[in-house]
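Protein chains: 2
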Amino acid sequence: MNTETNKKAVVLVSGGLDSATTLAMAIGDGFQCFAIAVDYGQRHRSELDAAKRVTSSMGVSLKVLSLDLRQIGGSALTDDIDVPVDETEGIPVTYVPARNTIMLSLALGYAEVLGANDLFIGVNAVDYSGYPDCRPEFIQAFQTLARLATKTGIEGADITIHTPLIYLTKSEIIKKGAELGVNYSQTVSCYQANEQGKACGKCDSCRIRRDGFKAAGVPDSTRYA
Amino acid sequence: MNTETNKKAVVLVSGGLDSATTLAMAIGDGFQCFAIAVDYGQRHRSELDAAKRVTSSMGVSLKVLSLDLRQIGGSALTDDIDVPVDETEGIPVTYVPARNTIMLSLALGYAEVLGANDLFIGVNAVDYSGYPDCRPEFIQAFQTLARLATKTGIEGADITIHTPLIYLTKSEIIKKGAELGVNYSQTVSCYQANEQGKACGKCDSCRIRRDGFKAAGVPDSTRYA
Numbered sequence: 210m211n212t213e214t215n216k217k218a219v220v221l222v223s224g225g226l227d228s229a230t231t232l233a234m235a236i237g238d239g240f241q242c243f244a245i246a247v248d249y250g251q252r253h254r255s256e257l258d259a260a261k262r263v264t265s266s267m268g269v270s271l272k273v274l275s276l277d278l279r280q281i282g283g284s285a286l287t288d289d290i291d292v293p294v295d296e297t298e299g300i301p302v303t304y305v306p307a308r309n310t311i312m313l314s315l316a317l318g319y320a321e322v323l324g325a326n327d328l329f330i331g332v333n334a335v336d337y338s339g340y341p342d343c344r345p346e347f348i349q350a351f352q353t354l355a356r357l358a359t360k361t362g363i364e365g366a367d368i369t370i371h372t373p374l375i376y377l378t379k380s381e382i383i384k385k386g387a388e389l390g391v392n393y394s395q396t397v398s399c400y401q402a403n404e405q406g407k408a409c410g411k412c413d414s415c416r417i418r419r420d421g422f423k424a425a426g427v428p429d430s431t432r433y434a
Numbered sequence: 210m211n212t213e214t215n216k217k218a219v220v221l222v223s224g225g226l227d228s229a230t231t232l233a234m235a236i237g238d239g240f241q242c243f244a245i246a247v248d249y250g251q252r253h254r255s256e257l258d259a260a261k262r263v264t265s266s267m268g269v270s271l272k273v274l275s276l277d278l279r280q281i282g283g284s285a286l287t288d289d290i291d292v293p294v295d296e297t298e299g300i301p302v303t304y305v306p307a308r309n310t311i312m313l314s315l316a317l318g319y320a321e322v323l324g325a326n327d328l329f330i331g332v333n334a335v336d337y338s339g340y341p342d343c344r345p346e347f348i349q350a351f352q353t354l355a356r357l358a359t360k361t362g363i364e365g366a367d368i369t370i371h372t373p374l375i376y377l378t379k380s381e382i383i384k385k386g387a388e389l390g391v392n393y394s395q396t397v398s399c400y401q402a403n404e405q406g407k408a409c410g411k412c413d414s415c416r417i418r419r420d421g422f423k424a425a426g427v428p429d430s431t432r433y434a
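Here is the structure:
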């Protein structure tokens, strides 16, 4: 806990490893956290169950907003396109159009209602560099937008988008989370986890996660199918 | 029709006078238009019926995305706060937190799926200057964000946010729309229209609209209750 205790923050959570670590870091920094998850019609529905487990175990309230992105389509994560098992060049087919822009916009609206000037999102520019909306310049542009877009912003509040994971490798993220006591068995990263939230162990996301635990020297508590 | 014929554009529509005019202007500029409306739990539900009438009469497809902003609250338009009948100083209580940020984000996702680089939104900085997310600097910041946020943007597409109404007065908007043949009786501006889409004639929005018709010298076809 630092001097920022009692400052409110909105934290985007997905049920995955990165956002669980981000939430633990925001709490560690002394923020009073309000989690928000978006039910956007993702195929990996067990992520939302994971988001509930993670926030509940950290004593944080979770707001789940429904927004069916399948209505606009365009991604393997929301459409009936096969999730790739091998790494692909460039921007992955699992990229959801404008996803982080949409998620951050919703978080911004919630922050304004709560009177929070701080938003946390667990984007990472190292392991997932194929996504345009995970890059620092995107986050910087969103922060500029947020200060112009809101009543609090134009009244002078320094709305800040925190991305504590942005330059960390997966193993550094896992080390950090392990230090903060994150229970990673509660999280789901797999793109095609089963209904019990058990991971396939084969997709890109599973592979990156497993390698991360290995490199961090932290026991892999992932529940595999 | 100009040389831009067959260029796709996503146009945000609300069922109101401004967005109907914006849509007519985008069509007039030769864009192949795809309309998007957001069902955000607005109290004035008849707006969505109006959006269907307006787009249908202009031969444009309409996608309605459901997103229940009542879950995050904070505005007279989504909460049980009385809609003011008199003008208020500063930012009106009818301001929906981050609304245009959210709407533009959804439009951006849809544009990326369609392969459209042009977005139209009927914001206006003259008659509604109390809203932070109707100002030119907000739109400029969103355009910067959009180019960084998307696959098409980082591949070099000049994603453009068009705001043809931004510096027009209400009467200039109505004159322009009347020239383009917009049937304003199909539109609903009233914050508390009844189920048949008939306007109260008393709220801020009704007053600005009625004065606009008067100043434009265009017969007011608004259906009043």
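Here the protein sequences come in this chain order: A and B. Take the working numbering: the last position of the first sequence gets the number 434, and nothing is skipped along the way. Take the working numbering: the last position of the second sequence gets the number 434, and nothing is skipped along the way. Each residue gets a CB set at the ideal place from its N, CA and C atoms; glycine is no exception. Bear in mind the structure is a predicted one, so any value in this text is a computation, not a measurement.
Smallest Cα separation from residue i: which of the options?
i, options, result
"Arg432 of chain A", "A:Asn403, A:Glu346 and A:His371", "A:Asn403"
"Lys360 of chain B", "A:Ala366, A:Tyr340 and A:Leu221", "A:Tyr340"
"Gly237 of chain A", "A:Leu323, A:Ile245 and A:Val220", "A:Val220"
"Lys384 of chain A", "A:Ser223, A:Thr230 and A:Lys217", "A:Thr230"
"Asp248 of chain B", "A:Ser314, A:Asp277 and A:Met267", "A:Asp277"
"Ser223 of chain B", "B:Gln241, B:Gly239, B:Gly250 and B:Leu257", "B:Leu257"
"Arg308 of chain A", "A:Ala233, A:Thr378 and A:Phe347", "A:Phe347"
"Val332 of chain B", "B:Phe240, B:Asp420, B:Thr310 and B:Gln401", "B:Thr310"
"Ile245 of chain A", "B:Gly250, B:Ile281 and B:Gln401", "B:Ile281"
"Ala408 of chain B", "B:Leu232, B:Ser255 and B:Gln352", "B:Ser255"
"Lys272 of chain A", "A:Thr353, A:Arg279, A:Gly318 and A:Gln349", "A:Gly318"
"Gln241 of chain B", "B:Pro306, B:Gly250, B:Ala320 and B:Leu315", "B:Ala320"
"Ala334 of chain A", "A:Ala366, A:Thr378 and A:Asp367", "A:Thr378"
For residue i, count neighbouring Cβ atoms within 10 angstroms of its own Cβ and tell me buried if that reaches 16, exposed if not.
i, result
"Pro373 of chain A", "buried"
"Ser228 of chain B", "buried"
"Ala434 of chain A", "exposed"
"Pro345 of chain B", "exposed"
"Thr297 of chain A", "For Thr297 of chain A, the predicted structure reports a pLDDT of 48, less than 50, and the residue's modelled location is therefore unreliable. The matter cannot be settled from this model."
"Ser275 of chain A", "exposed"
"Glu213 of chain A", "Per-residue confidence for Glu213 of chain A stands at a pLDDT of 46, beneath the threshold of 50, marking its modelled position as unreliable; the derived number appears in the next sentence. Exposed, since its Cβ has fewer than 16 Cβ neighbours within 10 Å."
"Gly225 of chain B", "buried"
"Tyr376 of chain B", "exposed"
"Ser430 of chain B", "exposed"
"Glu181 of chain B", "Lying outside 210 to 434, the shown extent of chain B, residue 181 of chain B is not represented and no answer is given."
"Pro428 of chain A", "exposed"
"Gly268 of chain A", "exposed"
"Ser265 of chain B", "exposed"
"Ser394 of chain B", "exposed"
"Asn211 of chain A", "Here the model assigns Asn211 of chain A a pLDDT of 45, short of 50, so the residue's position is not dependable, and the following value carries that caveat. That one is exposed."
"Asp342 of chain B", "buried"
"Gly426 of chain A", "exposed"
"Gly410 of chain A", "exposed"
"Ser270 of chain A", "exposed"
"Arg418 of chain B", "buried"
"Gly421 of chain A", "buried"
Compute the beta-carbon to beta-carbon distance between residue i and residue j, rounded to the nearest angstrom, for a pair I have assumed lies under 8 Å.
i, j, result
"Ala259 of chain A", "Gly390 of chain A", "That pair is no contact at about 17 Å."
"Asn326 of chain B", "Thr369 of chain B", "7 Å"
"Gly324 of chain A", "Lys217 of chain A", "6 Å"
"Ala235 of chain A", "Phe329 of chain A", "5 Å"
"Cys399 of chain A", "Ser414 of chain A", "6 Å"
"Leu232 of chain A", "Val263 of chain A", "7 Å"
Within the present structure, is the beta-carbon of residue i separated from the nearest heavy atom of the ligand PLP by less than 7 Å?
i, result
"Ile330 of chain A", "What this structure holds is no ligand at all, so the ligand PLP is not there to describe."
Checklist entry - In chain order, what residues of the segment 346-361 of chain B put their CB closer than 8 Å to some CB of chain A? => result Glu346, Phe347, Ala350, Phe351, Thr353, Leu354, Ala355, Leu357, Ala358, Thr359 and Lys360
Next on the checklist: Output needed in chain order: residues of the segment 268-281 of chain A with a Cβ under 9 Å from some Cβ in chain B.
Outcome noted: Lys272, Val273, Leu274, Ser275, Leu276, Asp277, Leu278, Gln280 and Ile281
Item to check | Against chain A: residues of the segment 244-266 of chain B by CB proximity under 8 Å | outcome: Under the 8 Å Cβ criterion, the segment 244-266 of chain B contributes no residue.
Next on the checklist: Output needed in chain order: residues of the segment 318-342 of chain A with a Cβ under 7 Å from some Cβ in chain B.
Outcome noted: Listed by position along the chain: Gly318, Tyr319, Glu321, Val322, Pro341 and Asp342.
Checklist entry - Could you give the uninterrupted runs of the alpha helix (DSSP H) lying entirely in the segment 331-387 of chain B, keeping only those of 4 residues or more? => result 345-358 and 360-363
Checklist entry - What residues from the segment 369-387 of chain A come within 8 Å of chain B, judged by C-beta to C-beta, listed N to C? => result Taking 8 Å as the Cβ-Cβ cut-off against chain B, none of the residues of the segment 369-387 of chain A qualify.
Checklist entry - Closer than 8 Å, Cβ to any Cβ of chain B: which residues of the segment 222-242 of chain A, in chain order? => result So the list is empty, because no residue satisfies the distance condition.
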